[in-house]
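Novice: In this note's numbering, the protein residues as written are 233 to 978.
Backbone N, C-alpha and C define an ideal beta-carbon position, used for all residues, glycine too.
Given the structure is predicted, the values throughout are model-derived calculations rather than measurements.
After the C-alpha cells below, expect a handful of questions from me.
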Amino acid sequence: MSFVEVVGVLAVVSAVLTVFFGYLYYKDRDERKLMFMLVFAFTTLAHIGEISYGLGSPISEKIFAWSPLPTISAILIAVFFSLGNHKDFRNTLHIFLISLLASIIMIFSPIPVSINLEIVYTILLTITILAAIYVVLTRKTLPDSMFLLSTVCFTLAEVSRITRFARMEITLFMELSAHIFIALVFLTAKESTGSNIASFFSIKDELKKTQQELENSQEQLMKAEYNFKSLIDVIADPVVIVDKKGHFLEINDTVRDRTGFTRDELLGKNFLKTNIVTTKSKAILIKKLTERMMGINVKPYEVEANTKSGKTIQLEVNAKKIEYKGKNADLVIFHDITERKILEKEQEKYAEQLEKEVKDRTKTVREHEEKLQSIFDSSPDAIAVFNLKGNITDCNKAALDFLGVSTKEEVINKNGLMFVTKKDQHKIKKTMNNVLKTSSVTNVGYTALNKGNKMCPAEFSASVIKDQSNKPVGFVAIIKDITERHKMENELRCYSEQLEELVEKRTKALKKSQKQLVRSERLAAIGEAATMVGHDLRNPLQAIENGIYYIDTELSKFKVPQRTKETLQSIHNSIDYADNIVKDLQHFAAKREPLLRETDINTIIKESLLCIKKPENIEINRESSKVPKIEIDKDMIKRVFVNLIVNGIQAMQEKGGLLTISTKKSKGYIKVSFKDMGKGINKENKKKLFTPFFTTKAQGMGVGLAICKRFVERHNGNITVESEEGKGSIFTVKLPIRSEEVGKLD
C-alpha cells in the first residue's frame, strides 16, 4: 500500500473511533471518553492534513512529527490516573488539553524547533508500557490487559512510522490494533466486575425480582423521605434543600419560625427572586453554590437574612452536596449567630478600648521613662546609681566626665569608693549606712578622686531606691564638683578686699558717664540750634542770591568794570559757601532713617567723582574689585564719599599728589579706602577728628566728618582713619553686606 492509502485508512479508523468515543461520552459523560474522543478527532484531522498538504511539504512534516503527542499524552495520563485511583478527572483533563494545544501550536508555528521527538516519544511510551505492565500485574483485570496491548501496539506503530524500520502495512496494522484495543478497554470495563452467561436464561425471573425490589425500594424511599423530613424539622436551626439552580426543594419549620416566610412562599422558587436574603448575601450564596456544584469543598461562611417583619439576622452557613429525589442538591443548615455577632462586636469594641487604654498607659509610661532618662542623661550634675554593696550600676554623661572616663563600661560594677580619697572613705561608708535609716542625705562634702588620681572638692546628695515591697535595693547619688564654687568663694573674698578700690573706679566711671551725658545733651542742643540757624539763614541767603542774579542780569546790558564783576562773583561764592554751611548744619541735625535700595558701591564712587572738580596737580586712581551689591541709602553714602574725596583733595591742594580709592570684600563687609598723600594728621587732632565743630581748616565748621560718621553708623558700619604726619592719611569706610540691622543705630 502507498503512504497515502495507509494514512487514508488511519484517518477513517480514527474518524470511526471519534464517533464511537463521542457516543460513549454522550451516554455517561465520562471525561476520559471525552479525552480519547478528542485524541481521535485530532488524529483524523492530522491524517487528513498529511494527505492534503502532501508528503514532503513543511506542514506535512510538522503534522507527522507532532501529531503523536496528544495520543501519547492521553495514554500516559490514563495510566497514571488509573494508578492514582483518582475520582475527579477534570484537572487531569486540563493537562491533556495543554498537550493538545501545544501540538496544534507547534504544527502551525513558523518558528523552527529543534527537538529530537523520536527520543521523546520513545521515552514517554516506554514509561507508559512499564506503568501499564505494573497495573496488569497488580490488578489482573481484562481492561488493564487490553490497555497494555493497546499501548504496546501504538508504541510499535509510532516507532515504526517515525523511524520507518518496517513496511507501511505493518505500521497500519499496529496502529489499527492499538485503536481497537483502546476501544475494547472501555467496552470490557463494564464487564470487569464479573458476570455469568447463564444469567441470560433466567432474565424473566430476575426481572420480576427486580420489580419487587423496586417497589420495596420505593416504599423504603418514601419512608426515608418522611424520616428525612422529620429529621430536618427536629433540627433547631433553619434547614433548606436547594437544587443546582437555587430553587427551594424543601425547608424545615424553623425557617418559617425564624423568618416568617411560609412553605408556599418559598418552595419551588429561586432564592434570588425572594426577599429572604439580602442582595449582598445573594451574591455570596450564588458563588458558594457554584463552587459546591463543581465539587469544591466550601468551608462555613456567613450571610445576612431578612425576616418578613424587616429585621436582619446573621446566619452561619454549612452546606453539603446530596442527592434529593434523584437530583443533585444542596442540604444547607443556617445557624443563627446574631447574638454571637452582637457579643463579638461588643467584645471587639471592648478589646479596642482596652487596647487603646493599654497603648495610652504604655505611651504615658514610656514618656515618663523617656522624660526621666532625658533628665538623667542631660543633667549638668553627675548622677550615679549604686547597689547596696556600693557598686555602680548606672551613671549619666556628666558622671563619666566627673570621674574622668569615656564609657560606662569603665565604671559599671566598680565600687564607688574607688573614686574617693582614702581619708574620706570611712566618712562615706558611715554616711551611706545612715542613708538606709534616714532615706536621704544632702550636701555631704568630700574629696573626689578621678581615674587619673586627680583630686577635686565635691559634695553629694543621696537617696534610697526601694522596690515595690518598700525594700531598699540601692542608692542614687547626685554629685557636684564644687571646685568652681571654691574658686568663686576665694574670688569673692578677694573682691571684698578690693571693694573700696572698685567703688572708686565705679565713681570715676559714673563721672565719665555724666560727662558723656552732658556731651550728648550739648550735641542735642547744637542740633536744635543748627536746625533753627539753618532755617533762619536760608531765607536771607535766597534773597541775596536773587538780588545778585537780578543785578548781574541788569549789568549785562552795560559795559561794567572788571572790578565790579569780580565783586559780584565774590558775593556769589560767599552765598554758596554760606549755603553749604547751612546744608552741613541741617545734615548734622537730621535724624532721617536710611532708605535702603540694592546698590553697587563702585557705581556710587563713580557718580561721586563726577560731582567734584579735580585740580590739575592732583590725580585720582581707582582700584575697584568686584564686590556684591548691598542695600544702602545711596544719597547718604554718596555724601560720605564726596566729603572724603574733597577732604583728600584739599589735603594735597598745595603740593598736589595722588588720591587712591579702592574697594574690596572682607569678612562680611565691603571696605572702601581713600588714601591721600597730604601732610597727615597729628595724634592730638586725630582724637578729635570726628568731634562736631572741630576743624583745622581756615574755613569750615567741622561737621563734615561728623556727618560721615553718623551716616556710616546708621548703616551699621564704621569709619576709621590711619594717618602719620608728613605721609598722608587713609580713611576707611566699612559697610555690612547683610543689612538686617541697618538703621537701628540712634
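(1) GLU602 by DSSP, collapsed to three states: which one?
(2) Please identify the residue among SER299, PRO290 and CYS385 whose C-alpha is closest to the C-alpha of ALA278.
(3) Between the segment 300 to 312 and the segment 251 to 269, are three or more C-beta pairs nearer than 8 angstroms?
(4) Need the endpoints of the beta strand (DSSP E) that ILE962 sits in, please.
(5) Quick check: the Cα distance between ILE545 and MET526, rounded to an integer number of angstroms?
(6) Taking only three categories from DSSP, how would you classify HIS947?
(7) Give me the Cα-Cα distance between LYS899 and PRO968, rounded to the nearest whole angstrom.
(8) Pick helix, strand or coil for PHE253, following the three-state DSSP scheme.
(9) Taking the alpha carbon of HIS567 as the reference point, which residue from ARG946, LYS559, VAL471 and CYS385 has its own alpha carbon closest?
(10) Could you work out which residue in LYS703, VAL643 and ALA690 is closest to LYS683 when comparing CA atoms only?
(11) Could you please give me the residues that DSSP links to ALA537 through a beta bridge?
(12) Does the Cβ-Cβ distance between LEU498 and GLY478 come in under 7 angstroms?
(13) Just curious, the beta strand (DSSP E) that ARG829 is in, first and last residue?
(14) With burial defined as no fewer than 16 other Cβ atoms inside 10 Å of the residue's Cβ, what is the status of ARG717: buried or exposed?
(15) In whole angstroms, give me the CA-to-CA distance for PRO911 and GLU851.
(16) When you compare the segment 859 to 867 with the segment 831 to 839, are there three or more beta-carbon pairs, one atom per stretch, that lie closer than 8 angstroms?
(17) How big is the Cα-Cα spacing for SER292 and ILE280?
(18) Since TYR678 sits in a beta bridge, which residues does DSSP pair it with?
(19) For the 8 angstroms Cβ check, are there 3 or more pairs between the segment 268 to 275 and the segment 244 to 252?
(20) By a C-beta neighbour count over all protein chains shown, 10 Å radius and 16 as the cutoff for buried, is ILE913 buried or exposed?
(21) Can you tell me whether GLY936 is buried or exposed, with buried defined as 16 or more other CB within 10 angstroms of its CB?
(22) Looking at the structure shown, is PRO300 part of a helix, part of a strand, or coil, going by DSSP?
(23) Among LYS870, LYS959 and ARG322, whose alpha-carbon lies nearest the alpha-carbon of ILE528?
(24) Is it right to say VAL474 is buried, meaning 16 or more other beta carbons lie within 10 angstroms of its own, or is it exposed?
(25) Confirm, please, whether the CB-CB distance from VAL617 to VAL708 is below 7 angstroms.
(26) Tell me the rounded alpha-carbon separation between TYR258 and VAL352.
(27) State the CB to CB distance for the pair LEU800 and ILE776, rounded to an integer number of angstroms; the pair is presumed to be in contact (CB under 8 angstroms).
(28) Using the beta-carbon count (16 or more within 10 Å), is LYS941 buried or exposed?
(29) From what residue to what residue does the beta strand (DSSP E) around CYS726 run?
(30) Is the beta carbon of SER955 sitting closer than 7 angstroms to the one on LYS896?
(31) Alpha carbon to alpha carbon, what distance is there between VAL696 and ASN702?
(32) In this structure, how does DSSP classify ASP613 when only helix, strand and coil are distinguished?
(33) For LEU620, which three-state DSSP category applies?
(34) Along the alpha helix (DSSP H) that carries SER335, what are the first and last residues, could you check?
(35) Ordered along the chain, which non-local residues of its own chain (more than five positions away) have a Cβ less than 7 angstroms from that of VAL872?
(36) By the 10 Å Cβ neighbour count, where 16 or more other Cβ atoms means buried, how is PRO612 classified, buried or exposed?
Specialist: Reading from the atomic positions:
(1) Translated into positions along the sequence shown, residue 602 becomes position 370. Helix, per DSSP.
(2) Reading the sequence shown from its first residue, position 46 is the one you call residue 278. Ranking SER299, PRO290 and CYS385 by Cα distance to ALA278 puts SER299 first.
(3) Put simply, the segment 300 to 312 touches the segment 251 to 269. At least three CB pairs are less than 8 angstroms apart.
(4) Taking the first residue of the sequence shown as position 1, residue 962 is located at position 730. Element bounds for ILE962: 960 to 968.
(5) Taking the sequence shown and counting its residues from 1, the one referred to as residue 545 is at position 313. Taking the sequence shown and counting its residues from 1, the one referred to as residue 526 is at position 294. Put simply, the backbone Cα of ILE545 is about 29 angstroms away from that of MET526.
(6) In the sequence shown, residue 947 corresponds to position 715, counting from 1. Note: HIS947 maps to coil in three-state DSSP.
(7) As a position in the sequence shown, residue 899 is number 667, starting the count at 1. As a position in the sequence shown, residue 968 is number 736, starting the count at 1. Approximately 9 angstroms between the Cα atoms of the pair.
(8) Along the sequence shown, read from residue 1 onward, the residue named residue 253 stands at position 21. Correct three-state label for PHE253: helix.
(9) For the purposes of this step, residue 567 is taken as residue 335 along the sequence shown, with counting starting at 1. If we check each option's Cα against that of HIS567, VAL471 comes out closest.
(10) Along the sequence shown, one-based indexing puts residue 683 at 451. Nearest C-alpha to LYS683: VAL643.
(11) Numbered from its first residue, the sequence shown carries residue 537 at position 305. ALA537 is bridged to VAL509 and ILE545.
(12) Stepping through the sequence shown from its first residue, residue 498 is reached at position 266. Stepping through the sequence shown from its first residue, residue 478 is reached at position 246. For LEU498 and GLY478, no; Cβs fall outside 7 angstroms.
(13) Residue numbering aside, residue 829 sits at position 597 when the sequence shown is read from its first letter. Per DSSP, the unbroken beta strand (DSSP E) holding ARG829 starts and ends at 829 to 831.
(14) Counting from 1 along the sequence shown, the entry for residue 717 is found at position 485. The Cβ neighbour count for ARG717, taken over all protein chains shown within 10 Å, is under 16; the residue is labelled exposed.
(15) Looking up residue 911 in the sequence shown gives position 679. Looking up residue 851 in the sequence shown gives position 619. The displayed chain sequence assigns Lys, not Pro, to residue 911. Between LYS911 and GLU851, the C-alpha separation is close to 16 angstroms.
(16) With contact defined as three or more Cβ pairs closer than 8 angstroms, the segment 859 to 867 and the segment 831 to 839 are in contact.
(17) The residue labelled residue 292 in the question sits at position 60 within the sequence shown. The residue labelled residue 280 in the question sits at position 48 within the sequence shown. SER292 and ILE280: Cα-Cα distance of roughly 10 angstroms.
(18) Position 446 of the sequence shown, counted from the first residue, corresponds to residue 678. TYR678 pairs with ALA690.
(19) Counting Cβ pairs under 8 angstroms, three or more are found: they touch.
(20) For the purposes of this step, residue 913 is taken as residue 681 along the sequence shown, with counting starting at 1. By the neighbour-count rule (16 or more Cβ atoms within 10 Å), ILE913 is buried.
(21) Here the question's residue 936 lines up with position 704 in the sequence shown. GLY936 is buried by the Cβ-count criterion.
(22) Translated into positions along the sequence shown, residue 300 becomes position 68. It is helical.
(23) Residue numbering aside, residue 528 sits at position 296 when the sequence shown is read from its first letter. Out of LYS870, LYS959 and ARG322, ARG322 has the C-alpha closest to the C-alpha of ILE528.
(24) Here residue 474 refers to the residue found at position 242 when the sequence shown is read from its first residue. That one is buried.
(25) Taking the first residue of the sequence shown as position 1, residue 708 is located at position 476. Taking the first residue of the sequence shown as position 1, residue 617 is located at position 385. A contact, by the Cβ cut-off of 7 angstroms.
(26) The sequence position of residue 258 within the sequence shown is 26, counting from 1. The sequence position of residue 352 within the sequence shown is 120, counting from 1. The C-alpha of VAL352 is placed about 34 angstroms away from the C-alpha of TYR258.
(27) Within the sequence shown, numbered from 1, the residue matching residue 800 stands at position 568. Within the sequence shown, numbered from 1, the residue matching residue 776 stands at position 544. About 11 angstroms separates the Cβ atoms of LEU800 and ILE776, ruling out a contact at the 8 angstroms cut-off.
(28) Indexing the sequence shown from 1 puts residue 941 at position 709. Under the 10 Å beta carbon count, LYS941 is surrounded by 16 or more other beta carbons and is classified as buried.
(29) Within the sequence shown, numbered from 1, the residue matching residue 726 stands at position 494. No beta strand (DSSP E) contains CYS726, which is instead part of the alpha helix (DSSP H) from 715 to 729.
(30) Position 723 of the sequence shown, counted from the first residue, corresponds to residue 955. Position 664 of the sequence shown, counted from the first residue, corresponds to residue 896. Contact: no.
(31) Stepping through the sequence shown from its first residue, residue 702 is reached at position 470. Stepping through the sequence shown from its first residue, residue 696 is reached at position 464. Roughly 10 angstroms separates the two Cα atoms.
(32) Counting from 1 along the sequence shown, the entry for residue 613 is found at position 381. Here DSSP, grouped into helix, strand and coil, assigns ASP613 to coil.
(33) Along the sequence shown, read from residue 1 onward, the residue named residue 620 stands at position 388. Coil.
(34) Within the sequence shown, the letter at position 103 stands for residue 335. Where SER335 is concerned, the enclosing alpha helix (DSSP H) stretches over 322 to 340.
(35) Locating residue 872 in the sequence shown gives position 640, counting from the first residue. These residues qualify, in order along the chain: CYS940, PHE943, VAL944 and VAL965.
(36) As a position in the sequence shown, residue 612 is number 380, starting the count at 1. The residue is exposed, with fewer than 16 neighbouring Cβ atoms inside 10 Å.
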